[in-house]
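Accompanying notes for the structure given below.
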Amino acid sequence: MAGPPPGGWDVASVAAELLACEDERREREPFTDDWPGLDLDTGYEIQDLNLQKRLERGEKLIGVKLGLTSRAKQERMGVHFPFVAWLTDAMVLPVGDPVPQGKLIHPRIEPEIVFVMGDRLEGPGVTCAEAMGAVETVWGGAEVIDSRYKDFRFTAGDVSADNASSGAFVTGPIGLPPAELDLALEAVLVETNGVVVDSATGAAVQGHPGEALALAANDLARRGHAIEAGWIVLTGGMTDAVFAPPGSSTALHFTNLGSVFLNGG
Ligand code: 0L1
Ligand code: MG
């Protein structure tokens with residue numbers, strides 16, 4: 001932790017406030033407005049504390065997600081390095097369900113390459129090739145992000161504390177072994193209300209989504225964790241996220257991994 005927190009905030013009170021904002025669908029200003037010392041590692045402490053609370057209330061840990069692994073995301077959010085957050089079963093959106101507007105504040109949708117792990121992966125020192133060797137299947141996915149911060153305004157500390165704007169996610173119809181894909185070239189078209197508004201390939205994610213997976217394993221090792229067999233890993237938004245208000249429709253069309261459709265409810 002970088003310096004004593006002013007304004008009465010500390011790891012425990014920020015964690016409690018963020019979970020309350022999530023439960024009450026309440027947005028707020030970033031904590032770093034008052035507590036500039038809330039850095040990435042302090043954010044991770046807050047994230048870990050809230051993971052414990054999520055588990056205590058019955059959620060199951062099912063994997064991890066990366067945030068800000070693409071240049072498109074980094075430039076839009078003004079935070080220029082990637083980081084890791086937790087996925088629980090409460091974040092799974094059943095295929096065909098609409099964006100859960102009743103649970104989220106201001107949802108946005110982003111396309112992701114998603115891994116299901118066949119083997120445990122433990123850093124430090126994991127390379128892209130080692131990481132890909134531990135992957136069982138690759139999927140296209142949609143993450144429905146939601147920030148507890150007004151207008152998605154945050155620093156690295158704020159957003160890591162906020163579990164990387166976690167909301168919900170859904171995976172597409174086709175899972176393939178990694179050897180059957182050239183992931184750097186796997187493309188996605190982002191279609192909103194019938195108009196293609198963005199596109200990218202897997203190379204947008206750290207040059208190759210396997211690099212993001214390696215980064216996650218190495219970052220988690222620093223925090224005393226491994227990526228477990230069977231876990232789901234969201235490797236980070238390939239493009240900027242699109243708004244998903246009620247009445248909207250979003251389709252993410254992957255080259256080989258099928259299409260993911262989400263209506264705004
Ligand atoms: O709100 C955000 O955009 C931060 C989380 C980033 C998620 C991602 O890059 O996949
Ligand atoms: Mg994401």
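In case it helps, the UniProt record's numbering puts the sequence shown at residues 1 to 265. Each residue gets a CB set at the ideal place from its N, CA and C atoms; glycine is no exception.
query: G67: CB within 6 angstroms of a non-hydrogen atom of the ligand 0L1; result: yes
query: Per DSSP, cross-strand counterpart(s) of S249; result: N263
query: Cβ distance (whole Å) where L68 is taken to contact A217 below 8 angstroms; result: The pair is not a contact, with the Cβ atoms about 17 angstroms apart (cut-off 8 angstroms).
query: Cβ distance (whole Å) where D162 is taken to contact L49 below 8 angstroms; result: The Cβ separation is near 12 angstroms, so there is no contact.
query: Between the CA atoms of I46 and A12 - distance to the nearest angstrom; result: 7 angstroms
query: Residue interval of the alpha helix (DSSP H) (run including P209); result: 209 to 222
query: Inter-residue Cα distance where the pair is Q101 and S249; result: 13 angstroms
query: For A226, the nearest candidate out of R153, D119, L40 (CA to CA); result: D119
query: Bridge-paired residues (DSSP) for W139; result: V114
query: Residues of its chain near P124, where Cβ-Cβ distance is below 6 angstroms and the 5 sequence neighbours each way are ignored; result: N218, A221
query: Close Cβ partners of R25 (< 6 angstroms) along its chain, the five nearest in sequence each way excluded; result: I105
query: Beta-carbon gap between G237 and K73 smaller than 7 angstroms; result: yes
query: Near the ligand MG: E110 beta-carbon under 6 angstroms from a heavy atom; result: yes
query: Helix, strand or coil at K65 [DSSP, three-state]; result: strand
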